[in-house]
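Worksheet for the structure shown next.
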Amino acid sequence: MSLLDVNCGSRAAEIPAATRTLLDDGERRIEAYLEGSAASAPAFVPSDARQVLGVLQAIADEGLAPGRMFCEWGSGLGVVACLAAQLNFRAHGIEIEKELVDRARSLAKDHGVIVDFAHGSFIPEDGAVFVEAQEEFSWLVESGRCGYEELCLDPDEFDIVFAYPWPGEESAVENIFEQCAAVGAILVTYRGREGVRVQRKA
7 MSLLDVNCGS RAAEIPAATR TLLDDGERRI EAYLEGSAAS APAFVPSDAR QVLGVLQAIA
67 DEGLAPGRMF CEWGSGLGVV ACLAAQLNFR AHGIEIEKEL VDRARSLAKD HGVIVDFAHG
127 SFIPEDGAVF VEAQEEFSWL VESGRCGYEE LCLDPDEFDI VFAYPWPGEE SAVENIFEQC
187 AAVGAILVTY RGREGVRVQR KA
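Following the numbering used here, the numbering of the sequence shown begins with 7 at its first residue and continues without gaps.
Next comes the structure, spelled out in structure tokens:
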């Protein structure tokens with residue numbers, strides 16, 4: 007895969023009112039969830055949605071993606087997927103925790119955006135080998151429901167995939183993407199203090 011240099015410029019100052027409302031509400035819901043029931047989904051850690059938004063906006067403005075199909079792997083409460091929908095991507099999210107899927111659907115409905123959230127794993131059958139190689143602390147889950155079946159889509163139908171891998175899982179996520187994504191598709195990953203990385207499958 008090749009790294010892409012995405013110039014976010016001053017887009018933070020250009021956020022539309024509806025998007026600011028979504029961001030603020032998403033942050034409130036995430037805070038309430040973490041304070042009230044985090045034990046039900048211990049692997050849930052939110053990314054910096056505002057930073058990711060700037061990258062997605064730049065990708066949209068510069069026409070870097072081959073199309074408008076977007077999927078968030080491990081979509082949590084669905085904030086990033088909802089932001090993608092506001093940017094006119096055909097947005098989808100796959101999440102292994104059913105409670106988070108329900109909350110994500112509620113967020114999308116309350117803000118009038120169309121996002122198809124699926125309950126299941128984002129790891130396709132041919133990507134399981136990369137999960138098996140992870141350490142015991144890995145939160146990658148490939149057993150159980152297949153998220154793509156619920157979406158009635160294949161992994162190679164997405165033009166942009168976003169993920170926030172846990173430390174130590176970055177290479178596994180990249181390998182899964184390399185294995186299952188179409189040539190030209192873009193992988194956006196949030197790396198905590200390192201920021202956002204954008205890569206294209208060559």
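We put the CB at the ideal spot given by N, CA and C, even for glycine.
Query: Hey, could you find the ends of the beta strand (DSSP E) tyrosine 170 is sitting in?; Result: Neither: tyrosine 170 is in no beta strand (DSSP E) and is coded neither H nor E.
Query: By the three-class DSSP mapping on this structure, what secondary structure does glycine 99 have?; Result: strand
Query: Please state the DSSP three-state secondary structure of arginine 74.; Result: coil
Query: Name the one or two DSSP bridge partners that tyrosine 196 has.; Result: Val202
Query: Which class does phenylalanine 183 belong to by DSSP, given the choice of helix, strand or coil?; Result: helix
Query: Which residue comes first and which comes last in the alpha helix (DSSP H) that contains aspartate 122?; Result: Run containing aspartate 122: none in the alpha helix (DSSP H); it sits in the beta strand (DSSP E), 121 to 125.
Query: Would you please state the rounded distance, in angstroms, between the beta carbons of lysine 207 and valine 189? I believe it to be under 8 Å.; Result: 6 Å
Query: On a CA-only basis, which of Glu37, His98 and Gln92 is nearest alanine 24? Give me that one, please.; Result: Gln92
Query: In terms of residues, what are the limits of the alpha helix (DSSP H) holding lysine 207?; Result: No alpha helix (DSSP H) contains lysine 207, which DSSP labels as neither H nor E.
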